[in-house]
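Peer 1:
Numbering (our numbering), first residue to last: 3 to 56.
1) Secondary structure at residue 51, three-state DSSP: helix, strand or coil?
2) Go ahead and pull the three-state DSSP assignment for residue 13.
3) Which value, in whole angstroms, describes the spacing of the CA atoms of residue 9 and residue 20?
4) How is residue 44 classed by DSSP in three states: helix, strand or coil?
Rendered as C-alpha coordinates:
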(Lines of atoms letter the chains of each structure in order from A and count residues from 1; the text may use other names and numbers.)
(Lines give C-alpha, C1' and ligand atoms only; values in the text may rest on other atoms or scores of the structure.)
Protein backbone atom coordinates (compact mmCIF):
# COMPACT_ATOMS: atom_id res chain seq x y z
CA UNK A 1 0.00 0.00 0.00
CA UNK A 2 1.62 3.28 -1.07
CA UNK A 3 1.93 6.20 1.30
CA UNK A 4 0.60 9.41 -0.19
CA UNK A 5 1.33 12.90 1.13
CA UNK A 6 -1.11 15.59 0.12
CA UNK A 7 1.26 18.45 0.81
CA UNK A 8 4.85 18.47 1.92
CA UNK A 9 7.05 21.51 2.28
CA UNK A 10 10.49 21.91 3.72
CA UNK A 11 13.21 24.50 3.71
CA UNK A 12 16.68 23.09 3.33
CA UNK A 13 19.69 25.13 4.39
CA UNK A 14 22.65 23.76 2.54
CA UNK A 15 26.04 24.45 4.03
CA UNK A 16 28.87 25.01 1.60
CA UNK A 17 30.69 21.80 0.85
CA UNK A 18 34.13 21.76 2.47
CA UNK A 19 37.12 21.45 0.20
CA UNK A 20 38.35 17.89 -0.19
CA UNK A 21 41.21 16.88 2.06
CA UNK A 22 44.68 16.87 0.61
CA UNK A 23 45.87 13.49 -0.51
CA UNK A 24 48.38 11.74 1.70
CA UNK A 25 52.03 12.04 0.74
CA UNK A 26 53.39 9.17 -1.27
CA UNK A 27 54.90 6.37 0.77
CA UNK A 28 58.64 5.94 0.52
CA UNK A 29 59.86 2.99 -1.53
CA UNK A 30 59.78 -0.41 0.15
CA UNK A 31 63.58 -0.58 0.35
CA UNK A 32 63.65 2.64 2.41
CA UNK A 33 60.97 1.32 4.75
CA UNK A 34 62.82 -1.94 5.16
CA UNK A 35 66.06 -0.14 6.00
CA UNK A 36 64.27 2.02 8.58
CA UNK A 37 62.62 -1.01 10.17
CA UNK A 38 65.88 -2.97 10.28
CA UNK A 39 67.64 -0.02 11.93
CA UNK A 40 64.86 0.38 14.49
CA UNK A 41 64.98 -3.34 15.23
CA UNK A 42 68.77 -3.23 15.69
CA UNK A 43 68.39 -0.35 18.15
CA UNK A 44 65.68 -2.23 20.02
CA UNK A 45 67.75 -5.42 20.24
CA UNK A 46 70.81 -3.48 21.43
CA UNK A 47 68.74 -1.68 24.08
CA UNK A 48 67.17 -4.92 25.27
CA UNK A 49 70.62 -6.51 25.52
CA UNK A 50 71.90 -3.59 27.62
CA UNK A 51 68.87 -3.77 29.92
CA UNK A 52 69.23 -7.52 30.40
CA UNK A 53 72.96 -7.25 31.18
CA UNK A 54 72.29 -5.07 34.24
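Even for Gly, the Cβ is constructed at its ideal location relative to N, Cα and C.
Since we're looking at a predicted model, the values are computed, not measured.
Peer 2: Taking the structure as given:
1) helix
2) coil
3) 33 Å
4) helix
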